[in-house]
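Quick notes on the structure that follows.
And the structure:
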């Protein structure tokens, strides 16, 4: 998270609308955070502990592997828009208020002792972010299709649940043809929903300090952005959800983009093709039919606007390569489904193996732990599921 690359006007971007504070306790809430890697001498305002959420769990209809007693809930709202929602599957070991009440035949007390007991049994969580170029896709596909991982030996939800890890899949607002907000809109949707889950960690029996992200394509870029961006937690907010950290503990991504500062792609991703891409990648992007879709990334209407000062600032704020430094979270990346070919079409351009190569080279340069694999048909040395489980259970 290279704070020098971020202007304060951009880090102050609003997330999804605030949620009302729940409960009246003034106990400190786990998962709240200051900017990672810095010391803050101010005393953080106590974050009120929320009342338990009223969640209707059902039996899952998807493969849960060797896990039994899995509880599944869908369409839990975490924001103002209908797409600000997530599904979650909990292993039997996750101690929620409902299971605590069932085991004692009395309502679970909201005491410090009860909270400590719940924290001791809290399970880690892995959140999946779907792909679709920020214009389509849905959280539901993860439960049946899993995570596209060339090193996988089974369904990601089943493997994670069998390992005693909670699993969620999240939606976010999509970009329309005339969208004026750009990719910051869906990415901050995810940040806000992550904060919501952390704030309500007790309701899910999860550990707010052990959360990893899985992402595919657009979801991959979003996961990396959250892993590399300065923490968006606002300790001065009157909204307790906004005080929660937006930083995961690990990230695993497939078919990712190296940065959403597309102007950098020519030099930092596709430099090997410089001679073939004359007079430059941006001219090629303008020429291909799908090129105008990239204008929506910044909420602009013409390619000349990418050099406007406000859009340059915007590009820096969504530049994962520029944001990355040694204090950021470890990541796993695999771009192995697309050929190493001239990026003459949108699919090759967005999912080219060299996006993962650029991330790997930048990680080595700044000293960040990374496991990256690129090249059509290549197999990573460890699966994404094993990678995040190892990171969450250190």
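Numbering (mature numbering (1 follows the signal peptide of the UniProt record, and there is no 0)), first residue to last: -20 to -1, 1 to 374. Glycine included, each C-beta is placed from N, C-alpha and C at the ideal position. No experiment lies behind these values; they were computed from the predicted model shown.
**Study point:** Segment limits, alpha helix (DSSP H) that includes residue 314
**Key:** For residue 314, there is no enclosing alpha helix (DSSP H); the enclosing beta strand (DSSP E) has its first and last residue at 311 to 315.
Check your understanding: If we count the other Cβ atoms within 10 Å of its Cβ and call it buried at 16 or more, is residue 373 buried or exposed?
Key -> Result: exposed.
**Study point:** Inter-stretch contact at 8 Å, needing at least 3 Cβ pairs: the region 147 to 155 / the region 108 to 118
**Key:** By the Cβ test, the region 147 to 155 is in contact with the region 108 to 118, since at least three Cβ pairs between them sit closer than 8 Å.
Check your understanding: How would you call residue 376, buried or exposed, if buried means at least 16 neighbouring beta carbons within 10 angstroms?
Key -> Not covered by the structure: residue 376. The range shown for the chain is -20 to 374.
Point to revise | Whether residue 130 touches residue 191 by CB criterion (7 Å) | key: Cβ distance not < 7 Å, so residue 130 and residue 191 don't count as in contact.
Point to revise | One or two residues paired with residue 194 in a DSSP bridge | key: 108 and 232.
Exercise for review: Give the single residue among 350, 186, 116 and 157 whose Cα lies nearest to the Cα of residue 72.
Suggested key: It is 186 whose Cα lies nearest to the Cα of residue 72.
Check your understanding: Name the DSSP bridge partner or partners of residue 149?
Key -> DSSP output for residue 149 lists 67 and 108 as bridge partner(s).
Practice item. Report back the beta-carbon spacing between residue 122 and residue 104 to the nearest angstrom; my notes put them in contact at under 8 Å. Key: Going by Cβ atoms, the distance from residue 122 to residue 104 rounds to 17 Å, so no, they are not a contact pair.
**Study point:** Under the three-state DSSP convention, the category residue 366 falls into
**Key:** In the three-state DSSP reduction, residue 366 falls in the helix class (H, G or I).
Check your understanding: Can you tell which of 69, 41, 262 and 235 has the C-alpha that lies nearest to the C-alpha of residue 247?
Key -> Answer by Cα proximity: 262.
**Study point:** First and last residue of the uninterrupted alpha helix (DSSP H) at residue 353
**Key:** Residue 353: not part of any alpha helix (DSSP H); member of the beta strand (DSSP E) spanning 350 to 354, first to last residue.
Practice item. Would you give the residue range spanned by the alpha helix (DSSP H) that residue 48 belongs to? Key: DSSP places residue 48 in no alpha helix (DSSP H); its state is neither H nor E.
Practice item. Pull up the distance between the alpha-carbon of residue 329 and that of residue 238, whole angstroms please. Key: Approximately 11 Å between the Cα atoms of the pair.
Review point. Could you give the distance in angstroms between the alpha-carbon of residue 162 and the alpha-carbon of residue 47?
Key: Cα-Cα distance, rounded: 40 Å.
Point to revise | Status (buried if at least 16 other CB within 10 Å, exposed otherwise) for residue 210 | key: With 16 or more other Cβ atoms within 10 Å, it is buried.
Review point. Any idea if residue 62 is buried or exposed, counting beta-carbon neighbours within 10 angstroms, 16 or more meaning buried?
Key: Counting Cβ neighbours within 10 Å, residue 62 comes out exposed, since fewer than 16 surround it.
Practice item. Report all residues from its chain with a CB closer than 8 Å to the CB of residue 43; omit the five preceding and five following residues, and keep chain order. Key: These residues qualify, in order along the chain: 135, 137 and 138.
Point to revise | For residue 313, the nearest candidate out of 293, 302, 207 and 296 (CA to CA) | key: When each option's Cα is compared against that of residue 313, the closest is 207.
Practice item. Take residue 354 and list the residues in its own chain whose beta-carbon comes closer than 6 Å to its own, dropping the five residues that flank it on each side. Key: If you ignore the 5 residues before and after residue 354, its C-beta comes within less than 6 Å of the C-beta of 315, 333, 336 and 337, all in its own chain and listed in chain order.
Exercise for review: Could you have a look at residue 29 and say whether DSSP puts it in helix, strand or coil?
Suggested key: Under the three-state reduction of DSSP output, residue 29 falls in the strand class.
Check your understanding: Per DSSP, what kind of secondary structure is residue 209 in: helix, strand or coil?
Key -> Residue state for residue 209 is assigned as coil, using DSSP reduced to three classes.
**Study point:** residue 376 vs residue 279 beta-carbon contact at 7 Å
**Key:** With the chain covering only -20 through 374, there is no way to say anything about residue 376.
**Study point:** Straight-line Cα distance separating residue 368 from residue 230
**Key:** Going by the C-alpha atoms only, they are around 6 Å apart.
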